[in-house]
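Note that our numbering has the sequence shown beginning at 4, numbered continuously upward.
Following: one structure in structure tokens, then a few remarks.
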Amino acid sequence: MTSLIELYPEAGTERQLEGLHGQDNVRSRPRGPDGSYVYTGYIASIDGRIALEGSSGAPMATRNDRDWRHFQELMMQADVVLASGRYVRDKTVGGSAQSIVPAADDPSVADLIEARREAGIPLRPALAIVTSKASFDPEVASGLADDVIAVLGEEPDDETRATLEDHGLSVVAAGRNGRVTGDLLVEALGGLGHHVVFSAAGPQVFHTLIPVLDALYLTLAGRLLGGRAYSTLLEGDELEMPPSFDLASAFLDPEGPGESVQLFLEFTRHRS
Ligand SMILES: NC(=O)c1ccc[n+]([C@@H]2O[C@H](COP(=O)([O-])OP(=O)(O)OC[C@H]3O[C@@H](n4cnc5c(N)ncnc54)[C@H](OP(=O)(O)O)[C@@H]3O)[C@@H](O)[C@H]2O)c1
């Protein structure tokens, strides 16, 4: 398999894609006062698109197996993975978004599952669905992981709670004014024993997480997509105090999508 070239911190070193970030790298990091570590991963085109109108999942032109493996290595270190209510609706209508949490017998991630076994954590991460009102099919949601949590912006009515719980979902309210907030989300997930939190969701959930975010993994695919309607990383009110990030690592992958290159960039929250 073609090697990656490390650009930072050790410029010029050849690295293998598999095990790039170490299988327990994220879990061993110092955590905040709330005991959590929150990180996310995106693939974006050079023109900053993470999704095009009508597409579900990253646009095909920016996807490839190598970034997917990179994503899986990051995701499989988490206690819980975040997805959105929209993601569940997309899965319900058979959209093209990739399944986030792999099956426990998925051979393509057998080494990552074994690493979880050795770490003494559940073989599959839990999945937390961030949603305002849980307007999704609970049957579909329950099939997305072994442990599925609906995180709502406000306490649901009795019928909604009962329906979700009857399908095996845990239900927590973690919001203000009907919207989930980052601090309450992390507190609620911590209360369920989930402290290492990876977001696989899109720009609104990312905005929600900004107050509690520790690290961002960004794959920059060497392609331009254009388009008039698209999503970029972050969507929501302008940030009054724009957070700063340090570059923790950068790798050049010569085998990007469509014969382009891609960069695997790791940014960690700057703490003064
Ligand atoms: N390229 C990439 O790496 C990448 C990564 C992630 C996503 N994407 C793509 O980006 C697009 C959008 O993804 P997404 O739906 O996950 O995006 P999102 O903008 O994070 O999620 C939107 C949905 O999440 C719920 N939500 C978000 N923040 C909330 C809050 N604070 N409180 C309550 N509910 C909240 C709402 O669900 P309800 O409507 O149920 O209330 C809302 O409709 C998709 O096409 C996806 O495939 C691409």
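Idealized CB from N, CA, C, for every residue including glycine.
- Inside the stretch 29-88, DSSP marks whole alpha helix (DSSP H) runs of 4 or more residues at positions 68-78, from first to last along the chain.
- By the Cβ-count criterion, V96 is exposed, with fewer than 16 other Cβ atoms from all chains shown falling within 10 Å of its own Cβ.
- Per DSSP, the unbroken beta strand (DSSP E) holding I8 starts and ends at 7-11.
- In this structure, the alpha-carbon of F139 lies about 18 angstroms from that of G178.
- Taking the Cβ of I49 as the reference point, every heavy atom of ligand 1 lies at 7 angstroms or farther away.
- In terms of Cβ geometry, V83 and V200 form a close pair [threshold 8 angstroms].
- Approximately 6 angstroms separates the beta-carbon atoms of F267 and T222; this is inside 8 angstroms, confirming the contact.
- Contact between A204 and L85 holds: their C-beta atoms lie close to 5 angstroms from each other, under 8 angstroms.
- At the C-beta level, S135 and G156 come within 8 angstroms of one another.
- Note on geometry: alpha-carbon atoms of D161 and Y220 lie some 39 angstroms from one another.
- If you keep only unbroken beta strand (DSSP E) runs of at least 3 residues inside the stretch 92-144, you get 129-134.
- In the three-state DSSP reduction, T166 falls in the helix class (H, G or I).
- For P206, the CB contacts under 8 angstroms within the same chain, skipping 5 residues up- and downstream, are I53, S234, T235, L236, L237, E238, G239 in chain order.
- Take H273, set aside five residues on each side of it, and the residues of its chain with a beta-carbon closer than 7 angstroms to its own are S247, F248, D249, in chain order.
- Taken through DSSP and simplified to helix, strand or coil, V200 comes out as strand.
- Within the stretch 173-227, the runs of alpha helix (DSSP H) at least 4 residues long that lie entirely inside it are, in chain order, 185-194, 206-212.
- Here L155 is bridged, per DSSP, to T134, A176.
- DSSP places E241 in the coil class of the three-state scheme, outside both helix and strand.
- Under DSSP, Y233 shares a beta bridge with L55.
- Looking at V91, V189, T184, M78, the one whose alpha-carbon comes closest to that of P36 is V189.
- The alpha carbon of D217 has as its nearest neighbour, out of T43, A148, G229, L23, the alpha carbon of T43.
- Under the DSSP assignment, S252 falls in the beta strand (DSSP E) whose first and last residues are 248-256.
- G88 and V133 have their C-alpha atoms spaced approximately 6 angstroms apart.
- DSSP places E17 within a strand segment (E or B) once states are collapsed to three.
- When the alpha-carbon of V183 is set against those of T163, V154, A106, the nearest one is in V154.
- Taking the Cα positions, W71 is about 10 angstroms away from M78.
- If you check the C-beta of P33 against ligand 1, you find no heavy atom less than 7 angstroms away.
- Counted as a single uninterrupted DSSP element, the beta strand (DSSP E) harbouring L266 occupies residues 265-272.
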